[in-house]
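Asks:
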Amino acid sequence: MKRVTAIEAAQAVGQTVLLQGWVHARRDHGKLIFIDLRDLSGIMQVVFWGKGDEQLFKMADSLRSEFVVSITGTIQERQPNQVNPDLPTGQVELAAEKLEILNESQTPPFEIADANAPEAGEEIRLKYRYLDLRRQKMQRNLRLRSQFVQKCRQFLFDNDFAEIETPILTESTPEGSRDFVVPSRLNPGSFYALPQSPQQYKQLLMIGGFERYFQIARAIRDEDPRADRGFEHTQVDIEMSFVDQNDVMNMVEAMMIQAVESLGYNVKEKPFPRFTYAEAMEKFGADKFDLRTEAEKKDPKLLAYAWVYKFPFFEKSDDGGWTFTHNPFSMPVPEHVDDLLAGKNIENILTTQYDLICNGYESGGGSIRAHKPEILKAVYKVMGFNDEQIKERVGHMLEAFQYGAPPHGGIALGVERNLMNLTGEEYLREVQAFPMTGKGQTAVMKGPKPLTDAQLKELGIKIIERG
RNA sequence: GGGCUCGUAGUGUAGCGGCCUAACACGCCUCCCUGUCACGGAGGAGAUCGCCGGUUCAAAUCCGGUCGGGCCCGCCA
579 MKRVTAIEAA QAVGQTVLLQ GWVHARRDHG KLIFIDLRDL SGIMQVVFWG KGDEQLFKMA
639 DSLRSEFVVS ITGTIQERQP NQVNPDLPTG QVELAAEKLE ILNESQTPPF EIADANAPEA
699 GEEIRLKYRY LDLRRQKMQR NLRLRSQFVQ KCRQFLFDND FAEIETPILT ESTPEGSRDF
759 VVPSRLNPGS FYALPQSPQQ YKQLLMIGGF ERYFQIARAI RDEDPRADRG FEHTQVDIEM
819 SFVDQNDVMN MVEAMMIQAV ESLGYNVKEK PFPRFTYAEA MEKFGADKFD LRTEAEKKDP
879 KLLAYAWVYK FPFFEKSDDG GWTFTHNPFS MPVPEHVDDL LAGKNIENIL TTQYDLICNG
939 YESGGGSIRA HKPEILKAVY KVMGFNDEQI KERVGHMLEA FQYGAPPHGG IALGVERNLM
999 NLTGEEYLRE VQAFPMTGKG QTAVMKGPKP LTDAQLKELG IKIIERG
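Under this note's numbering, think of the first position of the first sequence as 579, with each following residue one higher.
1. Going by DSSP, which residues form a beta bridge with residue 945?
2. So what does DSSP say about residue 614, is it helix, strand or coil?
3. Please work out which residues of its chain come closer than 6 Å, Cβ to Cβ, to residue 983, disregarding the five sequence neighbours upstream and downstream, and give them in chain order.
4. Measuring alpha carbon to alpha carbon, tell me which residue in 582, 771, 1034 is nearest residue 752.
5. Looking at the strands, I want to know which residues DSSP matches up with residue 936.
6. Whose CA, out of 917, 758, 947, 616, lies closest to the CA of residue 988?
7. Suppose the cutoff is 6 Å on Cβ atoms and the five residues either side in sequence are ignored; what does the same chain contact list for residue 795 look like?
8. Who does residue 910 pair with in a DSSP beta bridge?
9. Excluding sequence positions up to five away, which residues of its chain have a Cβ less than 7 Å from the Cβ of residue 826?
10. Measure the C-alpha to C-alpha separation of residue 919 and residue 931 and round it to an integer number of angstroms.
11. Would the beta-carbon of residue 647 fall within 8 Å of that of residue 677?
12. On a CA-only basis, which of 1011, 848, 806, 734 is nearest residue 705? Give me that one, please.
13. Whose C-alpha, out of 1007, 871, 608, 650, is nearest the C-alpha of residue 615?
14. How about the segment 705–722 and the segment 966–977: do they share at least three Cβ pairs that are nearer than 8 Å?
15. Might you give, ordered along the chain, the residues of its own chain that have their beta carbon closer than 6 Å to the beta carbon of residue 806, omitting 5 neighbours on each side?
16. From residue 619 to residue 850, what distance separates their C-alpha atoms?
17. Tell me the residue span of the beta strand (DSSP E) that contains residue 819.
18. Any contact of the segment 725–742 with the segment 1036–1045, i.e. 3+ C-beta pairs under 8 Å?
19. Any idea what DSSP makes of residue 1001, helix, strand or coil?
20. Buried or exposed: where does residue 979 fall if 16 or more other Cβ atoms within 10 Å of its Cβ makes it buried?
21. On a CA-only basis, which of 904, 907, 715 is nearest residue 695? Give me that one, please.
22. Can you tell me where the beta strand (DSSP E) with residue 602 in it begins and where it stops?
23. Taking residue 840 as the reference, which of 810, 879, 909, 857 has the closest Cα?
24. Which one or two residues does DSSP pair with residue 853 in a beta bridge?
25. Over what stretch of residues does the alpha helix (DSSP H) that includes residue 731 continue unbroken?
26. Count the other C-beta atoms from every protein chain shown that fall within 10 angstroms of the C-beta of residue 908, then say buried if there are 16 or more, exposed otherwise.
27. Could you work out which residue in 778, 1000, 700 is closest to residue 937 when comparing CA atoms only?
28. Under a three-way DSSP split, which group does residue 648 fall into?
29. Quick check for students: name the residue ranges of the alpha helix (DSSP H) that lie wholly in the segment 663–715, counting only runs of 4 or more.
30. Could you check what DSSP says for residue 622 in three-state terms: helix, strand or coil?
31. Span of the alpha helix (DSSP H) holding residue 839?
32. Can you tell me which of the three DSSP states residue 843 falls into?
33. Taking the alpha-carbon positions, what's the residue 808 to residue 886 distance?
34. Consult DSSP for residue 792 and reduce its assignment to one of helix, strand or coil.
35. In terms of alpha-carbon separation, which member of 1037, 998, 642 lies closest to residue 686?
36. How far does the alpha helix (DSSP H) with residue 977 in it reach, from first residue to last?
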């Protein structure tokens, strides 16, 4: 017999069905045993009667939490006084006729079935993440994450975007954050870097003529983790050719509205209000702010989006020179291009950067990119690099720009950050399947760990003491 | 690199110098229970209080170190 889910079975009153799943809860009344069977769709109550099949009842009596079972029986309507209004399948139950125990389970180290039970500590949750993931909250969070990404994908496909993957093993970029590096066996002494963002590759895709690209991309940075950020995160990474700021902002806005509304959320203000950086600082004293009233903050389904744009391009760096505030590959606003090329009025040059914020947190950020070599070169000049250093860092981009690079721009939206807004979670790991500890210890598995001597020799790596 | 904080049965917590022979809830085990749905009832097992050292007549409790978790500053284009 073909397996059906709990939800499907609820529609099959009077029929014989096969359900498979986990023993969520067991209620033993002596001559009557209830089993809540849990599968991907939800929960179905299964009933075993003592006066029936003695062998079957004995087996039901031996069931414990999280046993994996296969149960055949008849779906029957419950008596009116037996209906459970809190359960989507609460109108019916499965009268068990056949039970097979597919696998037994140790008693779980923490509460899985009871959604109201106090949460276990991080250490134990991550050690047994596969059990933690069975809990309702984690199932809900990660399924919502999956749906959010699916909605974004759908919108982008519908608007002629191509999903293209960019390399995970790539070149170290000295500016920005610290790189995660990977030793090269074929080039001893040399290292790849894991991408901090697909920034340069997606620009190369624009030069490559794809015009509309997106990727659900992993971004990896070796900076100390926090509650809301880790070594790696995922972003909906988008880039478009022949666009200006408004084009990108409008497209992204339409995508976000469609995605979140189709998931049952409400957007406070459409179109999203827009503030210049100067306005935001004057009005809110910060470039991230929450436009919800105190009363509105109580509504978990309300999202208040806003755009912030016209950021300063540069700020003073620690060594007294200039550094970029957001992205060195950005184009300045059109009226400041001449100043940038001349290296004048640097503190007043504004960038085409736009940040999308939601309920006080950053949802995403992007810009129109430099697509002419002299613009990118001028940015690096302002930051104090000489011609040779510029060539070393971004020479490949300057060269690519010489072959008919179209004007282009894009954005990256943090998947975890957006899910935190959608779920109300304060911690990144609540919307990631297998997060790390604060010291970078992986969940369940034991990374990082030392290499064997043989591996080190093959890679040409010698471990030295740090002092 | 720095600061703060927490480690007590399987889990979550209480206890913070002697009344601790370490308590409570959930879970677990045994028995009872034919309508529960976080079922209920009775009984039971389970902790050298993270680890090492020190102070003290006496340490889960105070001090130092160490290991581990969490949060923050720096950092994170």
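Just so it is clear, CB atoms sit at the ideal spot from N, CA and C, and this is done for glycine as well.
Note that this is a predicted model, so its numbers are computed, not measured.
Replies: Checking against the coordinates, here is how it stands:
1. Counting from 1 along the first sequence, the entry for residue 945 is found at position 367. According to DSSP, which records beta bridges pairwise, residue 945 is partnered with 988.
2. Translated into positions along the first sequence, residue 614 becomes position 36. Three-state DSSP puts residue 614 in a strand.
3. Taking the first sequence and counting its residues from 1, one reaches residue 983 at position 405. Closer than 6 Å at Cβ, skipping near neighbours: 785, 949.
4. In the first sequence, residue 752 corresponds to position 174, counting from 1. Closest by alpha carbon: 771.
5. As a first step, residue 936 is located in the first sequence; it is residue number 358 there, counting from the start. Answer is 883, 939.
6. The sequence position of residue 988 within the first sequence is 410, counting from 1. Of 917, 758, 947, 616, the smallest CA-CA separation from residue 988 is found for 947.
7. The residue labelled residue 795 in the question sits at position 217 within the first sequence. The beta carbon of residue 795 lies closer than 6 Å to those of 776, 813, 815 in the same chain, with the five residues before and after it left out.
8. As a working mapping, residue 910 is identified with position 332 in the first sequence. Residue pairing by DSSP places residue 910 opposite 929 in a beta bridge.
9. As a first step, residue 826 must be located in the first sequence, where it is residue number 248. These residues qualify, in order along the chain: 818, 944, 987, 988, 989.
10. Residue mapping note: residue 919 aligns to position 341 of the first sequence, counting from 1. Residue mapping note: residue 931 aligns to position 353 of the first sequence, counting from 1. Distance between the alpha carbons of residue 919 and residue 931: 18 Å.
11. On the first sequence, residue 647 is found 69 positions in, with the first residue counted as 1. On the first sequence, residue 677 is found 99 positions in, with the first residue counted as 1. A contact, by the Cβ cut-off of 8 Å.
12. The residue labelled residue 705 in the question sits at position 127 within the first sequence. Ranking 1011, 848, 806, 734 by Cα distance to residue 705 puts 1011 first.
13. For this step, residue 615 is matched to residue 37 along the first sequence. Nearest of 1007, 871, 608, 650 to residue 615, Cα basis: 650.
14. No, because fewer than three Cβ pairs between the segment 705–722 and the segment 966–977 fall closer than 8 Å, the two stretches do not touch.
15. Along the first sequence, read from residue 1 onward, the residue named residue 806 stands at position 228. Listed in chain order, the non-local C-beta contacts of residue 806 below 6 Å within the same chain comprise 1006, local neighbours out to five positions each way being set aside.
16. Residue mapping note: residue 619 aligns to position 41 of the first sequence, counting from 1. Residue mapping note: residue 850 aligns to position 272 of the first sequence, counting from 1. When rounded, the separation of the alpha-carbon atoms in residue 619 and residue 850 is 35 Å.
17. Stepping through the first sequence from its first residue, residue 819 is reached at position 241. For residue 819, the enclosing beta strand (DSSP E) has its first and last residue at 810–819.
18. These segments do not touch.
19. Working through the first sequence from its first residue, we reach residue 1001 at position 423. Residue 1001 falls in the helix class under three-state DSSP.
20. The residue given as residue 979 occupies position 401 in the first sequence. Counting Cβ neighbours within 10 Å, residue 979 comes out buried, since at least 16 surround it.
21. The residue labelled residue 695 in the question sits at position 117 within the first sequence. When each option's Cα is compared against that of residue 695, the closest is 715.
22. Position 24 of the first sequence, counted from the first residue, corresponds to residue 602. Secondary structure note for residue 602: its beta strand (DSSP E) is the uninterrupted segment 594–606.
23. Position 262 of the first sequence, counted from the first residue, corresponds to residue 840. When the alpha-carbon of residue 840 is set against those of 810, 879, 909, 857, the nearest one is in 879.
24. The residue labelled residue 853 in the question sits at position 275 within the first sequence. In DSSP, residue 853 forms a bridge with 886.
25. Counting from 1 along the first sequence, the entry for residue 731 is found at position 153. For residue 731, the enclosing alpha helix (DSSP H) covers residues 714–736.
26. As a first step, residue 908 is located in the first sequence; it is residue number 330 there, counting from the start. With 16 or more other Cβ atoms from the protein chains shown falling within 10 Å of its own Cβ, residue 908 counts as buried.
27. Residue numbering aside, residue 937 sits at position 359 when the first sequence is read from its first letter. Ranking 778, 1000, 700 by Cα distance to residue 937 puts 1000 first.
28. For this step, residue 648 is matched to residue 70 along the first sequence. Looking at residue 648 - three-state DSSP - the assignment turns out to be strand.
29. If we require 4 residues or more, the alpha helix (DSSP H) runs fully inside the segment 663–715 come out as 700–705, 707–710.
30. Sequence index remark: in the first sequence, residue 622 carries index 44 (1-based). Strand, per DSSP.
31. The residue labelled residue 839 in the question sits at position 261 within the first sequence. Start and end: 823–840.
32. Position 265 of the first sequence, counted from the first residue, corresponds to residue 843. In this structure, residue 843 counts as coil in the three-state DSSP scheme.
33. Here residue 808 is taken as the residue at index 230 of the first sequence, counted from 1. Here residue 886 is taken as the residue at index 308 of the first sequence, counted from 1. Cα to Cα, residue 808 sits roughly 25 Å from residue 886.
34. In the first sequence, counting from the first residue as 1, residue 792 sits at position 214. Residue 792: strand per DSSP, three-state reduction.
35. Your numbering for residue 686 matches position 108 in the first sequence. The residue with the shortest Cα to Cα distance from residue 686 is 642.
36. On the first sequence, position 399 is the one that residue 977 refers to. Element bounds for residue 977: 965–979.
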